[in-house]
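These notes concern the structure reproduced below.
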Amino acid sequence: MRRASIGLQRCYCWALWQSSRRRENVSVQAANPDADAGRLLAGAQFVDAYALTIQDPALDARGAAERMFATLPPWIGRLMAVRNFIVSPFGLKTSAPRPGGKRDVVGFFPVISQSPDRIVTGFDDKHLDFRVVVDIASVEDTRRVRATTLVRTHNALGRVYLATVLPFHRLIVPSMMRQLLRAQQ
15 MRRASIGLQR
25 CYCWALWQSS
35 RRRENVSVQA
45 ANPDADAGRL
55 LAGAQFVDAY
65 ALTIQDPALD
75 ARGAAERMFA
85 TLPPWIGRLM
95 AVRNFIVSPF
105 GLKTSAPRPG
115 GKRDVVGFFP
125 VISQSPDRIV
135 TGFDDKHLDF
145 RVVVDIASVE
155 DTRRVRATTL
165 VRTHNALGRV
175 YLATVLPFHR
185 LIVPSMMRQL
195 LRAQQ
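Under this note's numbering, think of the first position of the sequence shown as 15, with each following residue one higher.
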């Protein structure tokens, strides 16, 4: 009997946790990538985007990217540590900082270009190239933030890597975008 009670408690706690996540997920939604996304990384085989609207009329693209990438939730940090350990022998770049590097970075992503309404980060690797683009648009007294990810693979290892990380990517990007909501509270 006690075992059944514990099982019901766990089930109830799980249901509460899931319902709280659904409410939070309403804010971050899958979105259509920008029409000019193809120019940012020609030949990209993977493109997706997520968007949310926040009450911060002064927010610019760099500020949004810094809030998103500044502090990783612990579970993402652990996933990245495992990823870095696994991929470093294969020559994929890790997120470890380069010694003596004075590059402009947001989080651990090098900045490729930026304007007040858009920041493009990412890098090119022998297995794949990627871009993370954060766009800002004014909507009345709010800001619409869209994060677009583009990936172009170069070989079989790049394609295997992309297929492996996609399920995690679809969890990580919305979680990082929710940091924008937490930062305004």
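We put the beta carbon where it would ideally sit given N, CA and C, even for glycine.
Point to revise | Three-way DSSP call (helix, strand, coil) for residue 105 in this model | key: coil
Review point. Which runs of the alpha helix (DSSP H) spanning at least 4 residues fall entirely within the segment 28-99, listed in chain order?
Key: 51-54 and 75-84
Check your understanding: Alpha carbon to alpha carbon, what distance is there between residue 103 and residue 193?
Key -> 32 Å
Review point. Hey, how far is the Cα of residue 94 from the Cα of residue 158?
Key: Rounded to whole angstroms, residue 94 to residue 158 spans 28 Å at the Cα level.
**Study point:** Where residue 136 falls: helix, strand or coil (DSSP)
**Key:** strand
Review point. Out of 59, 86 and 51, which has the shortest C-alpha to C-alpha gap to residue 190?
Key: 86
Check your understanding: Hey, how far is the Cα of residue 60 from the Cα of residue 90?
Key -> 21 Å
Practice item. Kindly indicate which residue of 72, 130, 68 and 181 has the alpha-carbon position closest to the one of residue 196. Key: 68
Exercise for review: Have a look at residue 98 and residue 175 and give me their C-alpha separation to the nearest angstrom.
Suggested key: 12 Å
Exercise for review: Give the DSSP-derived three-state secondary structure of residue 184 in the structure shown.
Suggested key: Here residue 184 sits in helix by DSSP.
Review point. CA-CA distance, residue 117 and residue 50?
Key: 26 Å
Exercise for review: Just the C-alpha distance for residue 41 and residue 161, rounded to the nearest angstrom, thanks.
Suggested key: 14 Å
Review point. How many Å lie between residue 169 and residue 53 at the Cα?
Key: Between residue 169 and residue 53, the C-alpha separation is close to 21 Å.
Point to revise | Nearest candidate by alpha-carbon position, reference residue 258, set 164, 165, 125 and 179 | key: Absent from the structure is residue 258, since the part of the chain shown begins at 15 and ends at 199.
Point to revise | Run of the beta strand (DSSP E) containing residue 123, from where it starts to where it stops | key: 123-129
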